[in-house]
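Below: the structure, in structure tokens.
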Amino acid sequence: MLQAGLQDLINAEATSRIGAAPHERAPERTTRRNGTRPKALATPAGEVDLQIPKLREGSFYPSLLHPRRRVDKALYGVICQAWIDGVSTRKVDQLVRALGNDSGISRSTVSRICSEIDETVQEFLGRRIDHTWFPYLFLDATYLDVRIRGRVVSQALVVATGVSGEGRREILGMALGDAETTDFWTGFLRGLRDRGLKVATDADPLGVTLVTSDAHAGLKAAVKAILPGAGWQRCRVHFARNVTQKLGSARSKPVNALISTIFAQTTTEAVTAQYAAVTDSLRSSFPEIAKMLEAAEADLTGFAPLPREHWQKVWSNNPIERLNREIKRRADVVQIFPDRDSVTRLIGAVLQEQHEEWGYGERRYFSDISMRKLVHTLYEHTEPDRPELHLTA
1346 MLQAGLQDLI NAEATSRIGA APHERAPERT TRRNGTRPKA LATPAGEVDL
1396 QIPKLREGSF YPSLLHPRRR VDKALYGVIC QAWIDGVSTR KVDQLVRALG
1446 NDSGISRSTV SRICSEIDET VQEFLGRRID HTWFPYLFLD ATYLDVRIRG
1496 RVVSQALVVA TGVSGEGRRE ILGMALGDAE TTDFWTGFLR GLRDRGLKVA
1546 TDADPLGVTL VTSDAHAGLK AAVKAILPGA GWQRCRVHFA RNVTQKLGSA
1596 RSKPVNALIS TIFAQTTTEA VTAQYAAVTD SLRSSFPEIA KMLEAAEADL
1646 TGFAPLPREH WQKVWSNNPI ERLNREIKRR ADVVQIFPDR DSVTRLIGAV
1696 LQEQHEEWGY GERRYFSDIS MRKLVHTLYE HTEPDRPELH LTA
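The sequence shown maps to residues 1346 to 1738 in the working numbering.
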């Protein structure tokens, strides 16, 4: 049935392209069929064998079998732009030749491809995000090499993802710049807020409740200024890496194992007690780590007042590691981006595709029951019965 349906669509598009059905006499006919060529299409239901009509004059390829997805088009455009602008690496040169374009890439063709992608990506990245509230905001940075004013410099690509009040994940935004300044983070978070990201207040706590990220300079101050109702969770994985950097791989293993017992507790009170016990036990042998723990207690335990079911998914940025790997995989193909716009074009397409994938189906990142617990927790000191009014099925 699938094969027949796809073949009917292909034949109908070919008829429209030719201007007449097979064996039909029609004044609108522009050419004639000249046999077919086989095409095997991989689908979730298995491989389907199709026949693509050939034409006596011109060419035909059905739109439903278009060879490039949005992300692939974006990657193609960025690679070709880098090649034209003369900033491509040997790897990109080899890719261009493999594409058969080493002597025939026109700037106008690349411009057309890029403009098509830019329109959809910019619409996605600039969309309103006030359709719901986002209790959890995750911020993560990946560093890319970009040509800016004739020089190749390392720039931080920051991606914001969120979990909505319905327990679903969404891509909220991205930015490129210096991730170690308050001005950068303030501008980025203000942009999210201006697009509708809801801020939690004492009167209405259904806004950003917790921001999870690495300890970027300036970020904590920016969160306090732009999202005053939100707490900050320092990524526990990044903290463990900081410990390893301080002590070295061998010495840090038992220390990090001890620190991990903090996160094995099952109640808020137990987390607090274990944090104090671990800090005290490290004070004599590893005083520098004990000081790090003392200074970071509020930041490493931001998860503790929240529902137990959410802890493992909010105390680090690990849940978006798959997204980071996909970004790096695409970026590694380009190696050096020809300009800032090319970063937005390619990574924006990757993010849009991930956002759409998260939106498919009924599976939620957090269950409806656990989200109701969260709302109750946020209101428990004011209006404990009000949460029921703020959830959607």
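Glycine residues also receive a C-beta, built at the ideal position from the N, C-alpha and C atoms.
Check whether the Cβ atoms of residue 1556 and residue 1711 sit closer than 8 Å, and answer yes or no. The Cβ-Cβ distance between residue 1556 and residue 1711 does not fall below 8 Å.
Which residues does DSSP list as the beta-bridge partners of residue 1741? Outside the shown range of the chain (1346 to 1738) lies residue 1741, about which nothing can therefore be said.
Assuming residue 1529 contacts residue 1665 under a Cβ cut-off of 8 Å, what Cβ separation, rounded to an integer in Å, is found between them? Contact doesn't hold; Cβ gap of about 20 Å is too wide.
Whole beta strand (DSSP E) runs in the region 1454-1538 with 3 or more residues, listed along the chain? 1481-1493, 1496-1508 and 1514-1522
Straight-line CA distance for residue 1386 to residue 1692? CA-CA distance, residue 1386 to residue 1692, rounds to 27 Å.
Taking 8 Å as the cut-off, does the region 1391-1407 touch the region 1365-1377 (at least 3 CB pairs, one atom from each stretch)? yes
Could you check how far apart the C-beta atoms of residue 1646 and residue 1616 are, in whole angstroms? I think they sit under 8 Å. Rounded to the nearest angstrom, the Cβ distance from residue 1646 to residue 1616 is 6 Å, consistent with a contact under 8 Å.
Per DSSP, cross-strand counterpart(s) of residue 1397: 1382
Distance, Cα to Cα, residue 1466 vs residue 1473? 14 Å
For the pair the region 1675-1682 and the region 1690-1704, tell me if three or more CB-CB distances fall below 8 Å. At 8 Å Cβ cutoff, the stretches touch.
Distance check for residue 1396 and residue 1520, CA to CA, integer angstroms please. 45 Å
Thinking C-alpha only, which one of 1702, 1531 and 1516 is nearest residue 1522? 1531
Note down the Cα distance separating residue 1628 from residue 1636, rounded to an integer number of angstroms. 8 Å
On a CA-only basis, which of 1526, 1708 and 1573 is nearest residue 1548? Give me that one, please. 1573
Name the DSSP beta bridge partners of residue 1617, please? Answer is none; residue 1617 lacks a bridge partner.
Straight-line CA distance for residue 1721 to residue 1715? 10 Å
What number of angstroms, rounded off, separates the C-alpha of residue 1612 from the C-alpha of residue 1621? 15 Å
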